[in-house]
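J.: Heads up, this note's numbering is the position in the sequence shown plus 177, with the first residue counted as 1. Backbone N, C-alpha and C fix where the C-beta goes; we use that ideal spot for every residue, glycine too. Here the structure is a predicted model, which is why all the values come from computation and not from measurement. Attaching a single structure in structure tokens format; questions to follow.
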Amino acid sequence: MPAPDYQVQSLARAAALLRAFSMEEPLLTIGELSARTNLPRSTVHRLVVNLVHLGLLARDPISDKYRPGLMLARLGNLALGRRHLRDLARPVMERLVRHSGESSVLAAIDGDVAVYVEKAESERRSLSITSRIGDLVPLHCTGTGKCLLAFMNPDEAIRLLRSNGLPRRTGRTITDLEAMLVHLAEIRARGYAVDGGESEEGLASIAAPVWDTANRLAGALCVAGPSERVLAEEGGALAAMVQAAAEEISKTLGADHSMAAGGDGAIVGCQHRPGRVDRARQVAEGQKGRA
């Protein structure tokens, strides 16, 4: 999303400081914040003092470093609430986990990023699924991310791909925009996305789109597990389970059945969006010509 003309510099800098924290680095010093944001130490110190006063950051008394404050936790819970979607999806996901034997994750678009909003773990966890509720979804290399890209507005999908890039995560990651557009067209034609070890070696997933009452893309539902199990079922029973579960959530959200499902009960939203493949390529070519 382009910056508005009335962007407030201090607010943008404060947001950059907050984004510098991660699960891997929850505690940072003034110097580390300065290095990660390319802001002067004096500016960082002034902003941090104000963020602490507002409860958005807190000072750790033991390490003398800073960490996200409790106010951010409260706001994060509100942002991730999506109670309607999560509450309706949770029982369907738990059933999907029982029937498939694999873990299930639900992701949704939030502005310029996608986040995991719900997760149901399988008891048969021979391979740990590291994604947590609230984590960002790599759009170009995960089942849920590619599913969201494939079924959203093609102009928006291309914008997000250009903005976020297509960094290589494994030897199977698609890193070329044109190749990705072709791949997204295949996903739309098939009705579901497959991550065949593109985001993490040994891990695979199958994802299908979820629609809301206005027939808008509400999210992407997937099952994930070891590649040897998930990919053995690609296009088979496991894919059908994911599609049926996504359709059930969509209908519970009020989606038009003719929009969400085909004659065999599979999610095939692409059939209701003629010309989407050609449109995506036209947009890409147009942007390439302006670059």
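Taking the CB atoms as reference points, tell me whether A356 and S382 lie closer together than 8 Å.
T.: No, the pair does not count as a contact, with Cβ atoms beyond the cut-off.
J.: Residue ranges of each alpha helix (DSSP H) run of no fewer than 4 residues wholly in the segment 224-267, ordered along the chain?
T.: Fully enclosed alpha helix (DSSP H) runs of 4 or longer: 247-258.
J.: Residue ranges of each alpha helix (DSSP H) run of no fewer than 4 residues wholly in the segment 364-423, ordered along the chain?
T.: You should have 404-407.
J.: Leaving aside the five residues before and after V387 along the sequence, list all residues of the same chain whose C-beta is less than 6 Å from its C-beta, in chain order.
T.: So the qualifying residues of the chain are A395, G396, L398, A423, I426 and S427.
J.: DSSP state of L343, grouped into three classes?
T.: L343: coil per DSSP, three-state reduction.
J.: Does the segment 194-212 touch the segment 239-247, meaning 3 or more C-beta pairs lie closer than 8 Å?
T.: Touching, yes, given that three or more Cβ pairs across the two stretches are closer than 8 Å.
J.: Give the range of the beta strand (DSSP E) segment to which S280 is assigned.
T.: Counting along the chain, the beta strand (DSSP E) containing S280 begins and ends at S280 to D287.
J.: Are the beta-carbon atoms belonging to A266 and G320 less than 8 Å from one another?
T.: For A266 and G320, no; Cβs fall outside 8 Å.
J.: State buried or exposed for C447, treating a residue as buried only when at least 16 other CB atoms are found within 10 Å of its CB.
T.: The predicted position of C447 is uncertain, since its pLDDT is 36 and thus under 50; a value taken from the coordinates is nonetheless stated next. Result: buried.
J.: Apply the 10 Å Cβ neighbour rule to D372 and answer buried if 16 or more other Cβ atoms are within range, or exposed otherwise.
T.: Flag for D372 reads buried.
J.: Span of the beta strand (DSSP E) holding A297?
T.: V290 to A297 is the extent of the beta strand (DSSP E) around A297.
J.: With distances taken from CA atoms, which of L380, M329 and K323 is nearest T352?
T.: Nearest of L380, M329 and K323 to T352, Cα basis: K323.
J.: From the DSSP output, which residues share a beta bridge with L205?
T.: In DSSP, L205 forms a bridge with Y243.
J.: What residue from S340, L224, R263 and R213 has the CA that sits closest to A284's CA?
T.: The option with the nearest alpha carbon to A284 is R263.
J.: Specify, as a first and last residue, the run of the alpha helix (DSSP H) that R196 falls within.
T.: Where R196 is concerned, the enclosing alpha helix (DSSP H) stretches over Q186 to R196.
J.: Among the residues of its own chain, which have a CB less than 6 Å from the CB of E300, if the five just before and after it don't count?
T.: Cβ within range, chain order: n/a, list empty.
J.: Would you mind reading off the limits of the alpha helix (DSSP H) that contains T321?
T.: Counting along the chain, the alpha helix (DSSP H) containing T321 begins and ends at G320 to F328.
J.: Kindly list the residues whose CB is nearer than 7 Å to the CB of V314, restricted to its own chain and excluding five residues on each side of it in sequence; keep chain order.
T.: For V314, where only same-chain residues beyond five positions count, the Cβ hits under 7 Å are A284, A291, V292, Y293, T321 and G322.
J.: Who are the Cβ neighbours of G431 in its own chain at under 6 Å, not counting the five residues just before and after it?
T.: Excluding residues within five positions, the ones whose Cβ falls inside 6 Å are T390.
J.: By how many angstroms is the C-alpha of L216 removed from the C-alpha of D237?
T.: Near 22 Å, if we compare the C-alpha coordinates of L216 and D237.
J.: Look up L273 in the DSSP assignment and say whether it is helix, strand or coil.
T.: Looking at L273 - three-state DSSP - the assignment turns out to be helix.
J.: Looking only at C-alpha atoms, which of R349, D433 and P203 sits nearest to R393?
T.: The option with the nearest alpha carbon to R393 is D433.
J.: Given a cut-off of 8 Å on the beta-carbon distance, is the pair L326 and L337 in contact?
T.: Going by C-beta atoms, L326 is nearer than 8 Å to L337.
J.: Around the C-beta of S199, are 16 or more other C-beta atoms found within 10 angstroms, so that it is buried, or is it exposed?
T.: When all chains shown are included, S199 counts as exposed.
J.: Go ahead and pull the three-state DSSP assignment for L216.
T.: Note: L216 maps to coil in three-state DSSP.
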